[in-house]
Amino acid sequence: MTAERLDVDGLLADPATRIVVCCGAGGVGKTTTAAAVGLRAAEVHGRRTVVLTIDPARRLAQSMGLSELDNTPRQVKGIDGDNGGELHAMMLDMKRTFDEVVQQHTTPQRAAEIFANPFYQAMSSTFAGTQEYMAMEKLGQLRATDEWDLIVVDTPPSRSALDFLDAPARLSRFLDGRMLRMLLAPARSGGRSMFSLVTASFGLFSRTVQKVLGAQLLTDLSGFVAALDSMFGGFRQRADQTYRILQDPQTAFLLVAAPERDAVREAAYFAERLVAERMPLAGLVLNRMHRTDVPALPADESEAAADALTASGDSPLTADALRIHAALVRQTEREQRVAATFTDAFPAVPAVSVTAQPADVHDVDGLRTIGSLLA
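Take the sequence shown: its letter number 143 is residue 143 in full-length UniProt numbering, and every next letter is one higher.
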């Protein structure tokens, strides 16, 4: 790799860095990287750190020795707190976060109406984009409390993580859409029923939509929209505020990839998007890279020596070791070529390699090792 080396310790030590967002394709060690970054920030740099995972997999809890994670930060035990740092971890619960937003921004009576609405029950649990928008809400909540020195966000696989960036704009389009404006018309005019003929055009519209959706679903949707009417502006405002936070220099995006073509292609796709959105791309983490301690011995020479030893019948173990070395050299060269497709395209993006480990990381000691390799 010819790119400048990423100074992870410098990034984590800088008090101006308040948010680190780890993103990348699935299966590249992104969650492990986020946890290792959070642990190192707490132990080495004495920062009060929280790791927020949006990925519902349980790997983060397991690696930190926690039985489970939920919507409330839980302190990780067994870390070195001599520098005054703390490490906490949590997993986004999108329905609970949506409930918290409703409770915070409306009256108890109106909140009860919203919670009882079937459309809200479905939307808060399964509606496309709700998870990503609620992730933005939760990040905004964590940042607003000013309780944390550093927030580390572990996003879903990268195409889903793009939804994380798109959530504010998508929500605004949804709330400003023609259908919702028409559904809101009866409520805003004081009509008793969603089928009140506020205008002839709305009556035609409601009858048409009723045929498509069904009367009950349309009534549920109308009630939901009317109940949340006073909150819509707040949704947009908070989402836009969080989006601006992501564009601020206090935030650092770390792209995580493995030396595989698809993973590096995903990282490049995401890097282009971050540049286009003017978001601070701090660097690339290349996980599970292989290396050899004898780089001066080329693969072909190693294989030739192994063949000569096999032909003479001498030192079969040495011949095997030479062949293993040759295979490792070829794998290392192949990984470097794959990595170069990113570093050549983005020469200004610093990068760091993390050596492949003999086993999966499953505890705090393993996370410390990854953190040391990152640094």
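Built from N, CA and C at the ideal position, the CB exists for glycine as well.
- In the displayed model, M91 falls within a strand according to three-state DSSP.
- Non-local beta-carbon contacts of T53 in its own chain, meaning distances under 6 angstroms to residues more than five positions away in sequence, involve L60, M91 and D154 in chain order.
- The continuous alpha helix (DSSP H) containing F270 extends over residues R261 to A276.
- Judged by their CB atoms, G283 and A348 are not nearer to each other than the 8 angstroms cut-off.
- Membership of T17 in any beta strand (DSSP E) is not indicated, and neither H nor E is assigned to it by DSSP.
- Contact between E335 and M289 holds: CB atoms are separated by about 6 angstroms, below the 8 angstroms threshold.
- One alpha carbon belongs to D240, the other to L150, and they sit about 21 angstroms apart.
- By alpha-carbon distance to V101, the top candidate from L87, A321 and K138 is K138.
- If you draw a 10 Å sphere on the C-beta of G78, you find fewer than 16 other C-beta atoms in it, and that means exposed.
- Taking 3 residues as the shortest admissible run, the stretch 285–372 contains the following complete beta strand (DSSP E) segments, listed from N- to C-terminal end: 351–355.
- In the structure shown, the three-state DSSP call for D154 is strand.
- Rounded to the nearest angstrom, the Cβ distance from H362 to Q62 is 6 angstroms, consistent with a contact under 8 angstroms.
- Distances from the CA of T97 to each of A268, A356 and G140 were compared; the closest alpha carbon is that of G140.
- Contact check for A35 against L255 fails: the beta carbons are separated by 8 angstroms or more.
- Here T33 is not bridged, per DSSP, to any residue.
- With three or more CB-CB distances shorter than 8 angstroms, the stretch 22–38 counts as touching the stretch 256–271.
- DSSP places A111 in no beta strand (DSSP E) but in the uninterrupted alpha helix (DSSP H) bounded by P108 to A116.
- Inside the stretch 117–148, DSSP marks whole alpha helix (DSSP H) runs of 4 or more residues at positions 118–126 and 130–145, from first to last along the chain.
- Within the same chain, and ignoring the five residues on either side of E4 in sequence, the residues whose Cβ sits closer than 6 angstroms to its Cβ are P350.
- When C-alpha distances from H88 are compared across D99, E113 and E68, the shortest belongs to E68.
- Per DSSP, A257 is one residue of the beta strand (DSSP E) stretching across T251 to A257.
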